[in-house]
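Read in my numbering, the sequence shown has 1076 at position 255, and its numbers run on one by one without any break. Backbone N, C-alpha and C fix where the C-beta goes; we use that ideal spot for every residue, glycine too. A quick write-up on the structure given underneath.
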Amino acid sequence: MNISFHSLHNIIIVISTMVYIFMKINDIIIIIIHFYTSFQVFEEVNMLKESIRYQLHNSGADLVGFADISHLNDSRYRGYNTAISIGVKLFDGIVDTITDAPTYMYYHHYNVTNLKIDQITHQGGVYLENLGYKVLPVAASQKDPHAEPDYNAFFSHKTAARLSGLGHIGKSALMITKEYGPRIRFGTILTNLPIEADTPMTENLCGNCMVCTQACPANAIVGVNFTLGSPRHSIYDAHKCHDHIETHYQKSGGGMVCGICMQRCPLGIEGKRGWSPDHEDDY
Ligand code: SF4
Ligand code: SF4
822 MNISFHSLHN IIIVISTMVY IFMKINDIII IIIHFYTSFQ VFEEVNMLKE
872 SIRYQLHNSG ADLVGFADIS HLNDSRYRGY NTAISIGVKL FDGIVDTITD
922 APTYMYYHHY NVTNLKIDQI THQGGVYLEN LGYKVLPVAA SQKDPHAEPD
972 YNAFFSHKTA ARLSGLGHIG KSALMITKEY GPRIRFGTIL TNLPIEADTP
1022 MTENLCGNCM VCTQACPANA IVGVNFTLGS PRHSIYDAHK CHDHIETHYQ
1072 KSGGGMVCGI CMQRCPLGIE GKRGWSPDHE DDY
């Protein structure tokens, strides 16, 4: 068979075009498979997140949030990219027994709530570990009187709660949630679970309110709004607070707690939650 140079040229062009089209189709198929797989992984991770949230609520947590802590520059947290924040609310009836001093009832409730949080983080930790993840449950009350400069704990529950969108840090240095104001305590599980974090809260509900500053018997609350990046002692003097409690409430049956700023905060008062203290006249 005699094939002319022109025909051979055309055949080569056709074959090259077909190979090119095949390669492009192959690329498109690979991209579709990649997207589909990513979507499936995303769906699985989201399902896992919701199942962990469900498990923690089922164990007794009132609020649960997921924070990305991979940016925290501290070797103690190396290997942990996620902090799961767990909040357990306090009973209003008991908080409202605090007037100008803590009560034994509040002291007991504070300890029982911490114990409950530790049980929830322990159960959550076991659940995650059984799924193959590394966990470090951080105790609910881990104030270290020897830690400088101001009794900083191993890991700040407020950082985890703030980054996971459960609330913001108030002038009192307490965590302020929309649901319960500051009438809630927190625990944290550090884990290497790869998960999409919740969105941090950007609002600050304190506004011009000065209720906690005026109520604090130790003058420990400066009265300024917390700004991201500023140290805790710029808004609250932990030494003044600690010394006042140690001097005045040790023998009152109240132990090492106070709670006056927490009890007075308008954002925690039942029926007023979500209310802005800027509208103090309405209150
Ligand atoms: S706990 Fe008591 S002493 Fe400490 S800041 Fe609050 S009101 Fe002041
Ligand atoms: S008492 Fe007022 S200023 Fe203090 S934390 Fe509550 S809302 Fe903020």
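Pull up the DSSP beta-bridge partners for residue i, would you.
i, result
"T1009", "S906 and V959"
"V885", "I907"
"G1002", "T998"
"Y898", "According to DSSP, Y898 bridges with nothing at all."
"I990", "M996"
"Y1057", "I1042"
Apart from the five residues on each side of it in sequence, which residues of its chain come closer than 8 Å, Cβ to Cβ, to residue i?
i, result
"D1102", "Low confidence applies here, because D1102 scores a pLDDT of 48, under 50, leaving its location unreliable and the question unanswered by this model."
"R1094", "K999, E1000, Y1001, G1002 and L1088"
"K870", "F887, I1016 and E1017"
"E1091", "D913"
"Y1070", "A922, P923, G1076, M1077, V1078 and C1079"
"F826", "none"
"N867", "E1017"
With residue i and residue j assumed to form a contact (beta carbons below 8 Å), what rounded beta-carbon distance in angstroms separates them?
i, j, result
"L957", "M1083", "Between M1083 and L957 the Cβ distance is about 27 Å, and since that is not below 8 Å, they are no contact."
"T1009", "A981", "4 Å"
"V916", "Y928", "Not quite, the Cβ-Cβ distance comes to about 12 Å (not below 8 Å), so this is no contact."
"A961", "R1006", "6 Å"
"I890", "L984", "7 Å"
"M1031", "G1050", "That pair is no contact at about 23 Å."
"K992", "T1034", "6 Å"
"R1004", "L936", "Wrong, their Cβ atoms sit about 18 Å apart, outside the cutoff."
Would you please verify whether the beta carbon of residue i is less than 8 Å from any beta carbon of chain B?
i, result
"T1034", "Judged by its chain identifiers, the structure shown contains no chain B, having just a single protein chain."
Determine the extent of the alpha helix (DSSP H) in which residue i is found, giving its start and end residues.
i, result
"A1039", "Looking at the DSSP string, A1039 is not in any alpha helix (DSSP H), and its letter there is neither H nor E."
"H929", "Y925 to N951"
"L984", "H978 to L984"
"D913", "D913 to V916"
"H892", "Run containing H892: none; DSSP gives neither H nor E here."
"I1016", "From DSSP, I1016 is part of no alpha helix (DSSP H); its letter is neither H nor E."
"I1081", "I1081 to R1085"
Quick one: residues in its chain with C-beta nearer than 6 Å to the C-beta of residue i, no 5 flanking neighbours on either side, listed in chain order?
i, result
"L1011", "Y901, A904 and L957"
"Y954", "T1012, N1013 and L1014"
"S880", "I941 and Q944"
"D895", "none"
Could you pull out every residue in the same chain whose Cβ sits closer than 7 Å to the Cβ of residue i, ignoring the five residues on either side in sequence?
i, result
"N1025", "H989 and N1046"
"I919", "Y927, G1080, I1081 and Q1084"
"L877", "V885, I907, I941 and G945"
"H930", "L911, F912 and I915"
"T934", "V909, L911 and R1006"
"E950", "V956"
Three or more C-beta pairs below 8 Å linking the stretch 939-952 and the stretch 906-923: Two segments are said to touch when three or more pairs of C-beta atoms, one from each, lie closer than 8 Å; by this definition the stretch 939-952 touches the stretch 906-923.
Contact the stretch 1021-1039 vs the stretch 1055-1074: 3+ CB pairs below 8 Å: When C-beta atoms of the stretch 1021-1039 are compared with those of the stretch 1055-1074, three or more pairs fall below 8 Å, so the two segments count as touching.
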